[in-house]
Amino acid sequence: MSEYDVVVVGAGVNGTGIVRDLALRGLKVCLVEKSDFASGASGANTGMIHGGLRYLIYDVDTTAHSCLDSGYIQKIVPFLLFRIPFVTPIDLKVTVPFFETYFEVYDKYAKLKNGMPHTLLHKKEIQELIPNISEHVQYAVTTDEWGIDPQRLCTLNGLSAAACGADIRLHTEVVEFLKDPSGNVVGVRVRDRSGFQDLRSKIVMQATGPWIMRTSRKAGVDVKIRPGKGVHITFDRRLLNYSLIINMVDGRMGFIMPHENSTILGTTDDDYFGDPDDLRVTEDEVDYLISGAEHYLPGIRKARMVRAWVGIRPTLFAWGKNEDKLSRDHKVFDHEKIEGVKGIVSIAGGKLASYRLMSEEAADLICQKLGCSAKCQTHLIPLPGGEKIVSDKELAQEYGVPCYAVHRMIYRHGAKSVEILELTRERPELKQIVCRCEPVLAAELVWCIKNEMASTLTQLRNRTRLGTGMCQGMRCSLKAAAILARELGLSARDAEENLVAFLEKRWRGNRPVLQGSTMEQEELHQASYFLVGNLNHLLGNK
Amino acid sequence: MKNIETEVLVIGSGLAGVSAALAAKKSGKKVMVLSQGAAASAMSSGALDICADPVAVPGVPEKWCPDCAQNIEQLLLRVPEHPYRLVADSAEKIIEEIKSAAALVFPGQDGFISGDAKTIQLAFNQIGTFKQTSFTQTHFLSLEDLKTSASVLLLSFSGLIDFDPGFFAKNFLHWTGRLGVKVNLNQAQIAGAGLPDISSLQAMRWIDENAEKTLEAMVKAVKANRAELVIMPALLPFDKRQELINRMEKDAQVKFRELLAMPPSVPGKRLSQYLENRLNQEGIELISGQASGFNAEGKKILSLLTERNLEKVEIRGRAFVLATGSFLAGGIEKHDEFKEKLFGLDLFCKDQLLSKIFTEKLTSPSIARPHPVFSVGLKAEQKMRVLGRGGETAYENLFAAGSILAGGNYIFNGTGAGVALASGVKAGKTVSN
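Chains as they are written, first to last, in numbering that gives the first Met the number 0: chain A, 0 to 541; chain B, 0 to 432.
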């Protein structure tokens, strides 16, 4: 049995943000997560630290929070953010003045996050920026937003907390909430690979996102959300260099945006009443997105879709509102005040962009309950790798590695790249580029296994974007499995099962977009691993 | 526009296409092959499958039925629409057809493949697992080799991205153990190009240019390790392979074996080269180009259009064999609809006509289960003539062979080479009548 001040449940952006905040304040904290960092909603969003432009009309608080905090995030993790200039087409000429006014208001908030003021574009200028845009787009307005790798953001928050002494337990599921005779929560019973364990704590913080109604039932408290299913499609490479705001066939707003080495199209927003552990993208959802995007980029149907992915938005509950009109605001639930149950606090709702602020609010409440007077420092202390800026050219030269590979590594690891490349001094074979699509060096995989709690191929993928390119891991997953097996001393059976689990996970994303070259790739992929490698037959189906 | 005349035009230069061309040529016809480049055969692992045991229990790989005829019988009970049905009416006869097709395409004297159409062997691949197959290119590692040589040396090539010796060794020892063979495995590495990452194909080219140096390094490693059997990822170039192996086996007094490869694959390159040589040997013209259209009159195809050196070419023929493969080789595609790319022929899956269907319905939620989508293809009658949706002949002089035929699903049935050989030769024979 272990004693903690706080046990945080869920390693999404809220969970990792809160645990980092509390750890920096000097509390004894533990984070338990049944899967991996950012394996729920936090890892399945558009990856934007945006200002909440579309909430400006009916939810101005969300816009303000988002913009303010986006500025802080840029300071603590400068390497992980990239500017995405947005182009918003205006369909009707008469609405141009309206849009102008709208964006003038937004400019005030955009300043908070180093965004440039808006500009009005005419047809010719639009076509210069996006040559493949549809002829019908006559006017557009630009804004500035910031993109981020949400998986890395959660991982770095978790690692930062661990560096301050927090206990981070991945692949550990809460099976039960421990209660005292008067029904107050005094800890959790968890299960991991080694069995069951009781973790006692003064406060249990629920940051379980889409799972919050499920965990709340176990805890005997009431948190209600309106879970909304959001689907995105990833296209190979960049179809455009500016993010385009589009209207879907039903008038909903969507994005087509360049994101790292790919293009993302999203998203759907539908009430979801199913199992958050069994999420599937259906082909009609893919078609819905393509039909919307096609109106603006007529050629997009021919572009190569590499995968589709899905997450559940844990939106706060409201009755009688359309999914799209639901507030993206968040709420911290003090169950002592609401239901009289002590020892448990929950958080739900909110946006990725304002995670730090939400975490601060939750941490403040917890500290108040624990009588801890330490102040929040998460906006001042950089995340791991954010301590200083390093140069890709210099590092590439010093370690004899291709500059483009170092550039991508710095994007993920910031100044830690120096330590990663340092591994190649003793082991030059780690200069091997394992995933060529991204690219990812062997050294980075070894680093993630040793320093970033990656113990499966899926986790390596989440940490490094290994195998997310157009071949979807066809070539790199074997080599990565070999590196994983060597570094962790896995048995042949474990290594092969890990590989199959990875292929299985990958299949979930590929299955809804099987067409064109992706279908060819899939045939080759399955022939390699199942016909030649024979893995399905050797290991048996589970 | 340039005009070319032939009697038989085979479209596709993979194993099925070449089988058809050789069979038609043997019947005395004038044959040409139109090829748009790499076929799926260029991705070959080195194994040529006829039929894996369809009733083997997943997870119990040490139990399998080695009798190929029995396997085919079981397969046809389970997959009645399998293209083997078109080849002959009994499993024994199907095997005979495959055997004579293999003898036509791979005549014994040049020793390109080894194995037996009647028996399944277990062959090992570059990740250290194994699979059932009938033929392989010669000098590939099978379970039988391990029964006679206990002391094995694994030779790897430095910087090879497609092969990891440590991972191979771990898996290999695990699976040989499961199969009840005791192996004493040592490892050595050939320095090679000295690059941190190099693909199999790059390694092959390096060996091609540095054959003597490679041989020397190999022999030296073997002598230092006193092995009876040397195993290596498949890297030897087509032209020099046989000579390198002979000299190595003689100089180092050792048996040499390669491991089945994954794409990008050297054995695939070698198979493509071999098939091209066979066409040359038989005086069959290979035309490079992508078919861009066709001319037909009623139910008869008159000619195929293509482009060569920016010049439009029309190839007139009396009979046409479509051996353009499945999705991978580009014979069929799925965008909004499933489509046969060249003639727009009807496509089937499990005897059902396909048009605008969600692909999802033809796949399984688990990747490790068979996906009907890889069975999609053309329906043909016993003479390999392509059929339309009502069971009528699509074109009276259009025949099909290989993985473009519906029902094959070579990934899960392990019938790829068998179907290519037997259906190819059958199509080649019938067009000649």
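Backbone N, C-alpha and C fix where the C-beta goes; we use that ideal spot for every residue, glycine too.
Remember, predicted model here, so these are calculated numbers, not experimental data.
8 Å Cβ cut-off: residues of chain A touching residue i
| i | result |
| --- | --- |
| B/L327 | E519, E522, L523, A526 |
| B/P82 | Correct list: empty, because the minimum Cβ distance to chain A is about 17 Å. |
| B/L259 | V531 |
| B/T504 | In this structure chain B extends from 0 to 432, so residue 504 of chain B is not present and cannot be described. |
| B/G413 | L530 |
Three-state secondary structure (DSSP) of residue i
| i | result |
| --- | --- |
| B/D52 | coil |
| A/V18 | helix |
| A/D106 | helix |
| A/G466 | coil |
| B/A102 | helix |
| A/R426 | coil |
| A/W506 | helix |
| A/E2 | strand |
| A/L559 | No statement about residue 559 of chain A is possible, as the shown extent of chain A runs from 0 to 541 and does not include it. |
| A/M204 | strand |
| A/N13 | helix |
| B/W174 | helix |
| A/M212 | helix |
| B/S44 | coil |
| A/V280 | coil |
CB contact check: residue i to chain A, cutoff 8 Å
| i | result |
| --- | --- |
| B/I160 | yes |
| B/E332 | yes |
| B/V372 | yes |
| B/K130 | yes |
| B/P266 | no |
| B/P57 | yes |
| B/H173 | yes |
| B/Y433 | In the structure displayed, chain B extends from 0 to 432; residue 433 of chain B sits before or after that span and is not available. |
| B/P65 | no |
Contact with chain B by residue i, beta-carbon distance below 8 Å
| i | result |
| --- | --- |
| A/V531 | yes |
| A/P297 | no |
| A/G46 | no |
| A/H412 | no |
| A/A491 | yes |
| A/N535 | yes |
| A/K449 | no |
| A/R485 | yes |
Interface residues of chain B facing residue i [CB-CB closer than 9 Å]
| i | result |
| --- | --- |
| A/I432 | I160, P195, D196 |
| A/N497 | Residues of chain B passing the Cβ test: none, with the nearest at roughly 12 Å. |
| A/E428 | S157, G158, P195 |
| A/K324 | Here the premise fails: no neighbours, minimum Cβ distance about 30 Å. |
Neighbour list for residue i in chain B, Cβ cutoff strictly below 7 Å
| i | result |
| --- | --- |
| A/A481 | D163, G165, F166 |
| A/E421 | Under the 7 Å cutoff, chain B gives no residues; its nearest Cβ is about 16 Å from A/E421. |
| A/L502 | I366 |
Terminal residues of the beta strand (DSSP E) in which residue i lies
| i | result |
| --- | --- |
| B/F111 | That residue, B/F111, is in no beta strand (DSSP E); it is neither H nor E in DSSP. |
| A/I432 | 432–434 |
| B/F129 | 129–132 |
| A/H231 | 224–234 |
| B/A231 | Here residue 231 of chain B turns out to be Met, not Ala, going by the sequence shown. Start and end: 228–232. |
Proximal residues of chain A, C-beta to C-beta of residue i below 7 Å
| i | result |
| --- | --- |
| B/S44 | V531 |
Boundaries (first-last residue) of the alpha helix (DSSP H) holding residue i
| i | result |
| --- | --- |
| A/L119 | Where A/L119 is concerned, there is no enclosing alpha helix (DSSP H), although the beta strand (DSSP E) it sits in stretches over 118–121. |
| A/H64 | 59–75 |
| B/V418 | 415–430 |
| B/L76 | 67–77 |
| B/D289 | What sits at residue 289 of chain B in the sequence shown is Gln, not Asp. Per DSSP, B/Q289 belongs to no alpha helix (DSSP H) and is neither H nor E. |
| A/Q525 | 515–525 |
Partner residues on chain B for residue i, Cβ-Cβ distance less than 8 Å
| i | result |
| --- | --- |
| A/Q471 | The contacting residues do not exist; A/Q471 stays about 11 Å from chain B at best. |
| A/E282 | F357, T358, E359 |
| A/N308 | Per the sequence presented here, residue 308 of chain A reads as Trp, with Asn not at that position. Ordered by position in chain B, no residue passes the 8 Å Cβ test against A/W308, which lies about 15 Å from the chain. |
Closer than 8 Å to chain D by CB, residue i
| i | result |
| --- | --- |
| B/A419 | This model lacks chain D altogether; the protein chains it does include are A and B. |
(request) Give, in chain order, every unbroken run of the alpha helix (DSSP H) that is at least 4 residues long and sits entirely within the region 289–377 of chain A. (result) 334–337, 354–369, all fully within the region 289–377 of chain A.
(message) As an exercise, report each continuous alpha helix (DSSP H) stretch of at least 4 residues that is fully enclosed by the region 448–504 of chain A, in chain order.
(response) Contiguous alpha helix (DSSP H) elements confined to the region 448–504 of chain A occur at 456–463, 475–487, taking only those with 4 or more residues.
(message) Which complete beta strand (DSSP E) runs does the region 191–225 of chain B hold, if anything under 3 residues is left out?
(response) Fully enclosed beta strand (DSSP E) runs of 3 or longer: not present.
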